[in-house]
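Peer 1: If you count the sequence shown from 1, position 409 lands on 442 in our numbering, and the numbers rise without skipping.
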Amino acid sequence: MNQVRTRFAPSPTGFVHIGSIYLTMFDYIVAKKYHGQFIIRVEDTDQNRYVEGAEDALFRALDWFGLTSDEDPIKGGPFAPYRQSERLDIYRQHAEILLKNGHAYYCFCTKERLEEHRKQQESKRQPSMYDKHCRSLSEEEVQSNLAKKVSYVVRMKIPENEIIKVQDALMGEIEFDSNLIDDQVLLKSDGFPTYHLAATVDDHLMEITHVIRGREWMPSTPKHVLLYRFFGWEKEMPPFIHPPLILKSEGQGKLSKRDNVSSIDYYKSEGFFPEAILNYLANIVWNHPDGKEIYDWKEFEQAVDINTPKVINITSQAPKFDLKKLEWVNGEYIRKMSDEELTKRLQEFLVDHPNKDQIGPVVPLIKERITKLSDFVPLTDFIWEKPEYDMEVFKKIQPKVDRPLDEKINPPAGGQKMVLEKILGVMETLPRPWNAEEFEKSFRKLAEDDLPAGGQGKIKVGDMFQLIRVAVSGQLITPPLFESVKIIGEKEILDRVKWVVENFGEFNE
Ligand code: GLU
34 MNQVRTRFAP
44 SPTGFVHIGS
54 IYLTMFDYIV
64 AKKYHGQFII
74 RVEDTDQNRY
84 VEGAEDALFR
94 ALDWFGLTSD
104 EDPIKGGPFA
114 PYRQSERLDI
124 YRQHAEILLK
134 NGHAYYCFCT
144 KERLEEHRKQ
154 QESKRQPSMY
164 DKHCRSLSEE
174 EVQSNLAKKV
184 SYVVRMKIPE
194 NEIIKVQDAL
204 MGEIEFDSNL
214 IDDQVLLKSD
224 GFPTYHLAAT
234 VDDHLMEITH
244 VIRGREWMPS
254 TPKHVLLYRF
264 FGWEKEMPPF
274 IHPPLILKSE
284 GQGKLSKRDN
294 VSSIDYYKSE
304 GFFPEAILNY
314 LANIVWNHPD
324 GKEIYDWKEF
334 EQAVDINTPK
344 VINITSQAPK
354 FDLKKLEWVN
364 GEYIRKMSDE
374 ELTKRLQEFL
384 VDHPNKDQIG
394 PVVPLIKERI
404 TKLSDFVPLT
414 DFIWEKPEYD
424 MEVFKKIQPK
434 VDRPLDEKIN
444 PPAGGQKMVL
454 EKILGVMETL
464 PRPWNAEEFE
474 KSFRKLAEDD
484 LPAGGQGKIK
494 VGDMFQLIRV
504 AVSGQLITPP
514 LFESVKIIGE
524 KEILDRVKWV
534 VENFGEFNE
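(1) Taking the alpha helix (DSSP H) that Gln431 falls in, what are its first and last residues?
(2) Going by beta carbon distance, what residues of the same chain come within less than 7 Å of Ile207, once the five residues before and after it are set aside?
(3) With 16 as the cutoff for other CB atoms within 10 Å, does Tyr312 come out buried or exposed?
(4) Going by the CB atoms, is the gap between Ile279 and Gly52 shorter than 7 Å?
(5) Report yes or no: do the region 380-398 and the region 408-425 share at least 3 C-beta pairs separated by less than 8 Å?
(6) For Pro226, name the three-state secondary structure that DSSP assigns.
(7) Using CA atoms only, rank isn't needed, just tell me which of Leu179, Phe98 and Asp79 is closest to Tyr55.
(8) Based on Cα-Cα distance, which residue from Arg402, Tyr138, Glu283 and Asn212 lies nearest to Lys221?
(9) For Ser222, is the beta carbon positioned less than 6 Å from some heavy atom of the ligand GLU?
(10) On the DSSP bridge assignment, give the partners of Ser296 in chain order.
(11) Is the beta carbon of Ser44 within less than 6 Å of some heavy atom of the ligand GLU?
(12) When you compare only the Cα positions, how much space is there between Leu260 and Thr233?
(13) Ignore the nearest five residues each way along the sequence and tell me which others in Asn346's own chain have a CB closer than 6 Å to its CB.
(14) Per DSSP, what kind of secondary structure is Val452 in: helix, strand or coil?
(15) In this structure, does DSSP put Tyr61 in helix, strand or coil?
(16) At the level of alpha carbons, what is the spacing between Val410 and Leu398?
(17) Span of the alpha helix (DSSP H) holding Lys358?
(18) Alpha carbon to alpha carbon, what distance is there between Leu356 and Glu283?
(19) So, are the CB atoms of Pro394 and Ile520 less than 7 Å apart?
(20) Since Phe71 contacts Thr39 with CB under 8 Å, what's their CB separation in whole angstroms?
(21) Consult DSSP for Ile196 and reduce its assignment to one of helix, strand or coil.
(22) Which same chain residues end up closer than 7 Å to Glu88 when comparing Cβ atoms and leaving out the 5 residues on each side of it in sequence?
(23) Runs of 3 residues minimum, wholly inside the region 143-185: which ones carry the beta strand (DSSP E) assignment?
(24) Does the beta carbon of Glu587 fall short of 6 Å from some heavy atom of the ligand GLU?
(25) For Thr462, name the three-state secondary structure that DSSP assigns.
(26) If we ignore side chains and look at the alpha-carbon of each, how far apart do Lys281 and Val318 end up?
(27) Round the Cβ separation of Arg188 and Asp216 to the nearest angstrom and send it over; I've been treating them as touching at under 8 Å.
(28) Contact check, His243 vs Val63 under 8 Å by CB: the rounded distance?
(29) Check whether the Cβ of Arg246 lies closer than 6 Å to any heavy atom of the ligand GLU, and answer yes or no.
(30) Tell me the rounded alpha-carbon separation between Arg291 and Ala309.
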């Protein structure tokens with residue numbers, strides 16, 4: 034058996050889509066399972082779509098995921114070059130082979146003629162296909178046009194009236210009527226090949242053993258089958274595997290560029306872990322045999338068996354993308370990480386955080402409460418800085434006082450200020466350093482015994498601690514209160530609560 038060789042063949046069009054990582058995951062795992070090679074071939078033959086810097090962005094993204102290639106345009110390798118724009122001679126030579134053996138022809142049709150023809154077909158609601166006008170040019174006409182340097186493309190001569198059988202590893206055999214297949218352009222007038230010619234030639238020359246590509250390419254497979262035949266490589270055609278596309282979470286269609294969750298930049302900036310994303314991507318097409326959802330994504334290699342027709346035992350059904358589920362997976366990674374590791378990851382992520390070096394003690398407090406690294410900042414900012422208080426947040430805690438305690442706290446909205454004053458009072462007398470038990474006991478007592486004037490009113494203990502939480506942090510949800518208070522320090526806490534009491538009712542109204 035030959036060495037297993039797979040390839041990821043991106044077109045550098047400026048944006049690293051999560052679907053590219055999903056496809057690369059298959060390439061990588063199939064090659065690695067059999068100690069073969071995983072190749073990156075850059076398909077930059079569409080000059081109109083070329084975006085400067087896109088290739089770099091792609092390599093950075095693959096690095097981030099640890100999807101390291103064995104051969105690529107930068108590393109090189111035995112089949113270099115790996116950038117299609119540097120292989121133009123190879124494609125031209127192969128187009129010439131097809132011209133010579135009668136499987137391709139020169140087409141001199143002008144843009145205007147093609148456009149006119151397309152419009153006519155459109156008005157008759159016919160599929161847009163070339164009318165094969167140049168397929169029947171005489172040898173003299175061809176030679177004379179070439180001599181006159183008339184601009185041309187090379188087209189593939191699709192046989193007529195044939196049923197072309199395509200083997201798709203996941204979907205089995207699919208038949209195509211050759212009369213519905215366009216005489217595909219192979220070589221463009223600028224001398225660049227189209228995808229079909231370049232990919233087929235390269236897959237063959239680079240000895241690719243398994244072609245894994247997006248499901249959107251499935252309809253073009255009969256053209257590839259024919260190209261393998263036209264070149265006489267039929268027996269060496271590798272299995273084609275078209276994993277299902279990832280669909281939008283809502284509505285119709287595939288996850289598109291416009292969905293921000295399709296961009297790898299989104300995941301980097303939100304602080305997802307690449308290994309969690311890969312785990313999620315494996316999960317959406319494969320069931321782990323032990324029913325696990327969290328596992329080292331490389332266990333996905335259990336789904337791979339090149340001796341079976343499917344090659345990769347995944348569903349053929351298109352999965353829907355579910356960000357909530359991915360967040361859950363990522364959160365599980367956070368939880369199983371040691372505090373030290375999570376601290377390190379957070380420090381790497383929070384490059385510009387002014388208190389980066391002091392986050393260590395805070396990490397255990399937030400570990401259960403975040404699903405991605407970016408959640409850390411809004412949850413913990415109050416630890417290092419006095420928050421911007423918002424009156425509305427206090428209003429969400431209406432102390433459930435049974436009866437007005439005195440005239441001043443009627444209407445009940447005023448109740449919060451009164452409770453806050455009492456809280457401040459307790460804090461000022463609480464012996465320092467504060468300890469958890471005393472802290473808890475004193476405020477419980479305040480709620481249960483001291484607040485009700487004459488034993489007639491009551492505030493729920495939960496509301497009491499919520500008021501302390503908001504006075505300390507400005508928010509309703511925080512890491513555990515007492516631990517946060519200890520990190521902030523007694524003096525700063527007193528300053529904050531004092532400020533709140535003094536400014537209550539004035540700020541942000
Ligand atoms: N360059 C093609 C793309 O970006 C590659 C398709 C393939 O893998 O053959 O979609």
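The beta carbon of each residue, even a glycine, is placed where N, CA and C say it ideally should be.
Peer 2: Reading from the atomic positions:
(1) Where Gln431 is concerned, there is no enclosing alpha helix (DSSP H), given that its DSSP letter is neither H nor E.
(2) Excluding positions up to five away in sequence, the list reads Val199 and Asp201.
(3) The sequence shown places Asn at residue 312, rather than the Tyr named in the question. Buried, because 16 or more other Cβ atoms sit within 10 Å of the Cβ of Asn312.
(4) Taking 7 Å as the Cβ cut-off, Gly52 and Ile279 qualify as a contacting pair.
(5) Between the region 380-398 and the region 408-425, the count of C-beta pairs closer than 8 Å reaches three or more; the two stretches touch.
(6) For Pro226, the secondary structure class from DSSP, reduced to helix, strand or coil, is strand.
(7) Comparing C-alpha distances from Tyr55 to each of Leu179, Phe98 and Asp79 shows the shortest one belongs to Phe98.
(8) The candidate whose alpha carbon is nearest that of Lys221 is Tyr138.
(9) Not under cutoff, so the answer is no.
(10) Ser296 is bridged by DSSP to His50.
(11) Because some heavy atom of the ligand GLU lies under 6 Å away, the Cβ of Ser44 counts as near it: yes.
(12) Between the alpha carbons of Leu260 and Thr233 lies a distance of about 7 Å.
(13) Correct list, in chain order: Ala336.
(14) Val452: helix per DSSP, three-state reduction.
(15) Here Tyr61 carries a helix assignment [DSSP, helix/strand/coil].
(16) Taking the CA atoms as reference points, Val410 sits about 13 Å from Leu398.
(17) Leu356 to Lys369 is the span of the alpha helix (DSSP H), which, as asked, contains Lys358.
(18) Cα-Cα distance, rounded: 11 Å.
(19) In this structure, Ile520 lies closer than 7 Å to Pro394 by Cβ.
(20) About 6 Å separates the two Cβ atoms, so the contact holds.
(21) Strand.
(22) Closer than 7 Å at Cβ, skipping near neighbours: Pro45 and Val75.
(23) If we require 3 residues or more, the region 143-185 turns out to have no beta strand (DSSP E) run fully inside it.
(24) Nothing can be reported for residue 587: it is not among the residues displayed for the chain, which extend from 34 to 542.
(25) Looking at Thr462 - three-state DSSP - the assignment turns out to be helix.
(26) Approximately 15 Å, taken between the alpha carbons.
(27) Arg188 to Asp216, Cβ: 4 Å. Contact.
(28) The pair is a contact, with the Cβ atoms about 6 Å apart (cut-off 8 Å).
(29) Distances from the CB of Arg246 to the heavy atoms of the ligand GLU include at least one below 6 Å.
(30) Between the alpha carbons of Arg291 and Ala309 lies a gap of roughly 23 Å.
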